[in-house]
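Novice: First to last, the sequence lines map onto chains A and B.
At position 180 of the first sequence the residue is numbered 189 (the numbering used here), and the sequence of numbers has no breaks.
At position 102 of the second sequence the residue is numbered 111 (the numbering used here), and the sequence of numbers has no breaks.
Would you mind keeping the following structure in view while I ask a few things?
2 protein chains.
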Amino acid sequence: MPQGQPTTVPDDGLTTRQRRTQPVLAVHTGPGKGKSTAAFGLALRAWNQGWPIGVFQFVKSAKWKVGEEHALRVLGASGEGGSVAWHKMGEGWSWVQRSIENSEDAAREGWEQVKRDLAAETYRLYVLDEFTYPLHWGWIDTDEVLAVLKDRPGSQHVVITGRNAPAALVDAADLVTEMTKVKHPMDAGRKGQRGIEW
Amino acid sequence: MPQGQPTTVPDDGLTTRQRRTQPVLAVHTGPGKGKSTAAFGLALRAWNQGWPIGVFQFVKSAKWKVGEEHALRVLGASGEGGSVAWHKMGEGWSWVQRSIENSEDAAREGWEQVKRDLAAETYRLYVLDEFTYPLHWGWIDTDEVLAVLKDRPGSQHVVITGRNAPAALVDAADLVTEMTKVKHPMDAGRKGQRGIEW
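Encoded structure:
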């Protein structure tokens, strides 16, 4: 239940209110489904709070998450909650004018923009979707990412999704959920289907 | 990746297309966060397909999921995707006129309506949020639920969330994800906060 009582009260000199508004770094990892889906579900809560939301899709193909993107764009434009900016590596980041063929370079360009936005406090919630992969593959330096996140100003929440989250990222995160695959239709020979998988 | 290849091709006499449009029973269980959140993320995809969505919140308090509810209501009313009907046990199911003090009776009333809607094919996606609890507690008979779900007409997808999913439900489901808690801010004495927890 969301409003349970903490099991320990830390001796950190902070009030409950101060602890409550600390920026959260969340990681959704593991081989199961629901990592990104839960991050976009979290974005619904942020939107409801009126927070500006920045989504950075660190995937080669821009085909995925069309449903989530459409929904969040409609929400962002509804005028009832927060704004939504949706950035896709697969289509070429909108702020990069030249074409980047190399996924490694493209991922780095994405991270550079995230850094600029964190410094400028552009968003209140960042969804760094599939961001664990460029970290896992060593394209982006995990230590640098953690240093930047540690020093981010204000109350900016960050959710990072993807398999194989580096151990240092898991250590640094405030909230880590591992999605474990118990059973999947593909095991029974069923392909992914519209509305369920994308 | 969503469009991976199945590892086996079953000898069930169905075409890939037939298998693709088979109704899915998904279960999000386990002690970690993201069970409901991922279900509501899934609802974004269903909405994008233009599917009518029925949410049944099987919880005593209606306070939770305000963000998701607001977002899905705005989406449902946007005219761009599917419709959204949101039913809350905590406020008293809208179709029940009398007051039900007893949670067990209230949960059963919820299930009776789900049965009627499945028979009428009212929705294309059903989110039965926290529905594992009345099953786990024996308030609603799991075997009956499984029999009704097995025989549901058409292509109606059902997502059931909550801890302690009965083994028979896990066996019957097409897709089961277990959310494992790796780390949570409450462990460090931080209370839940707005926009993150609700």
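A virtual CB, placed ideally from N, CA and C, is assigned to each residue, including glycine.
List, in order along the chain, the chain B residues whose C-beta lies closer than 8 Å to that of A177 (chain A)?
Specialist: Counting from one through the first sequence, the residue named residue 177 (chain A) turns up at place 168. Those within 8 Å of A177 (chain A) in chain B number zero; the least Cβ separation is about 13 Å.
Novice: Quick one: measure Cβ to Cβ for W102 (chain B) and I149 (chain B), integer angstroms, because I've assumed they're closer than 8 Å.
Specialist: Here the question's residue 102 (chain B) lines up with position 93 in the second sequence. Here the question's residue 149 (chain B) lines up with position 140 in the second sequence. The Cβ separation is near 14 Å, so there is no contact.
Novice: State the Cα-Cα distance for the pair F65 (chain A) and T170 (chain A), rounded to the nearest angstrom.
Specialist: Reading the first sequence from its first residue, position 56 is the one you call residue 65 (chain A). Reading the first sequence from its first residue, position 161 is the one you call residue 170 (chain A). When rounded, the separation of the alpha-carbon atoms in F65 (chain A) and T170 (chain A) is 11 Å.
Novice: Please state if the CB of L134 (chain B) and the CB of A80 (chain A) are separated by a distance shorter than 7 Å.
Specialist: Along the first sequence, one-based indexing puts residue 80 (chain A) at 71. Along the second sequence, one-based indexing puts residue 134 (chain B) at 125. Not closer than 7 Å, so no.
Novice: Expressed to the nearest angstrom, what Euclidean distance is found between the alpha-carbon atoms of K74 (chain B) and R107 (chain A)?
Specialist: Taking the first residue of the second sequence as position 1, residue 74 (chain B) is located at position 65. Taking the first residue of the first sequence as position 1, residue 107 (chain A) is located at position 98. Each residue's alpha carbon lies about 42 Å from the other.
Novice: Nearest chain B C-beta to S87 (chain A) closer than 7 Å, yes or no?
Specialist: The residue labelled residue 87 (chain A) in the question sits at position 78 within the first sequence. Taking a beta-carbon distance threshold of 7 Å, S87 (chain A) counts as an interface residue toward chain B.
Novice: Could you tell me which of B:A177, B:K124, B:E78 and B:F67 sits nearest to A52 (chain B), measuring between CA atoms?
Specialist: What you label residue 52 (chain B) is simply residue 43 of the second sequence in a count that begins at 1. Out of B:A177, B:K124, B:E78 and B:F67, B:E78 has the C-alpha closest to the C-alpha of A52 (chain B).
Novice: Which of the three DSSP states is assigned to V157 (chain A) in this structure?
Specialist: Residue 157 (chain A) sits at position 148 when you count from the first residue of the first sequence. If DSSP states are grouped into helix, strand and coil, V157 (chain A) belongs with the helices.
Novice: If you reduce the DSSP assignment to three classes, tell me which class E187 (chain A) lands in.
Specialist: Looking up residue 187 (chain A) in the first sequence gives position 178. Of the three classes helix, strand and coil, the one that applies to E187 (chain A) here is strand, per DSSP.
Novice: Buried or exposed: which applies to A55 (chain A), given that a residue is buried once 16 or more other Cβ atoms fall within 10 Å of its Cβ?
Specialist: Residue numbering aside, residue 55 (chain A) sits at position 46 when the first sequence is read from its first letter. Counting the other Cβ atoms within 10 Å of the Cβ of A55 (chain A) gives 16 or more, which makes it buried.
Novice: Does T151 (chain B) get closer than 7 Å to chain A when you measure Cβ to Cβ?
Specialist: Position 142 of the second sequence, counting from 1, holds the residue named residue 151 (chain B). No, T151 (chain B) lies away from the interface with chain A (no Cβ there is under 7 Å from its Cβ).
Novice: Less than 7 Å between CB atoms is the rule here; does F65 (chain A) satisfy it with respect to chain B?
Specialist: Counted from its first residue, the first sequence places residue 65 (chain A) at position 56. It does not; no Cβ of chain B falls within 7 Å.
Novice: For L127 (chain A), which of A:G50, A:A35, A:G90 and A:H166 has the nearest alpha-carbon?
Specialist: Along the first sequence, one-based indexing puts residue 127 (chain A) at 118. For L127 (chain A), the nearest C-alpha among the options comes from A:H166.
Novice: Output needed in chain order: residues of the region 39-57 of chain A with a Cβ under 9 Å from some Cβ in chain B.
Specialist: G39, G41, K42, G43, K44, S45, T46, A47, A48, F49, G50, L51, A52, L53, R54, A55, W56 and N57
Novice: With a Cβ-Cβ cutoff of 7 Å, do S92 (chain B) and P61 (chain B) count as a contact?
Specialist: Your numbering for residue 92 (chain B) matches position 83 in the second sequence. Your numbering for residue 61 (chain B) matches position 52 in the second sequence. It is a contact, given that the beta carbons lie within the stated cut-off.
Novice: Is the Cβ of H145 (chain B) closer than 7 Å to any Cβ of chain A?
Specialist: Within the second sequence, numbered from 1, the residue matching residue 145 (chain B) stands at position 136. Closer than 7 Å: no.
Novice: Counting only the same chain and skipping the five closest in sequence on each side, list residues whose C-beta sits under 6 Å from that of P32 (chain B).
Specialist: By one-based count along the second sequence, residue 32 (chain B) stands at place 23. Excluding residues within five positions, the ones whose Cβ falls inside 6 Å are S164, Q165 and H166.
Novice: So, are the CB atoms of V105 (chain A) and E113 (chain A) less than 7 Å apart?
Specialist: For the purposes of this step, residue 105 (chain A) is taken as the residue at position 96 of the first sequence. For the purposes of this step, residue 113 (chain A) is taken as the residue at position 104 of the first sequence. No, the Cβ-Cβ distance between V105 (chain A) and E113 (chain A) is not below 7 Å.
Novice: Which residue's Cα is closest to the Cα of R203 (chain A): B:Q58, B:H145 and B:T38?
Specialist: Locating residue 203 (chain A) in the first sequence gives position 194, where the first residue counts as 1. Residue nearest to R203 (chain A) within the set B:Q58, B:H145 and B:T38 is B:Q58 (criterion: CA-CA distance).
Novice: For a contact defined as C-beta to C-beta under 8 Å, what are the partners of G76 (chain A) on chain B?
Specialist: In the first sequence, counting from the first residue as 1, residue 76 (chain A) sits at position 67. What G76 (chain A) touches in chain B: L53, R54, A55, W56, N57 and Q58.
Novice: Can you tell which of A:S70, A:K190, A:T141 and A:T189 has its C-alpha closest to the C-alpha of V168 (chain A)?
Specialist: By one-based count along the first sequence, residue 168 (chain A) stands at place 159. Measuring from the Cα of V168 (chain A), the nearest candidate turns out to be A:T141.
Novice: Determine whether the Cβ of H224 (chain B) lies closer than 7 Å to any Cβ atom of chain A.
Specialist: Not covered by the structure: residue 224 (chain B). The range shown for chain B is 10 to 207.
Novice: Count the other CB atoms within 10 Å of the CB of D152 (chain A); is the residue buried (16 or more) or exposed (fewer)?
Specialist: Against the first sequence, residue 152 (chain A) aligns to sequence position 143. The residue in question, D152 (chain A), is exposed, as its Cβ has fewer than 16 Cβ neighbours within 10 Å.
Novice: Less than 8 Å between the CB atoms is what I'm expecting for K190 (chain B) and P40 (chain B), so what's the real figure, rounded?
Specialist: Walking along the second sequence from the start, residue 190 (chain B) turns up at place 181. Walking along the second sequence from the start, residue 40 (chain B) turns up at place 31. At roughly 5 Å, the Cβ-Cβ gap stays under 8 Å, so K190 (chain B) and P40 (chain B) are in contact.
Novice: Out of A:S70, A:L137 and A:T186, which has the shortest C-alpha to C-alpha gap to A94 (chain A)?
Specialist: Residue numbering aside, residue 94 (chain A) sits at position 85 when the first sequence is read from its first letter. Nearest option by C-alpha distance: A:L137.
Novice: Which runs of the alpha helix (DSSP H), 4 residues or longer, sit entirely within the region 72-133 of chain B?
Specialist: 75-86 and 112-129
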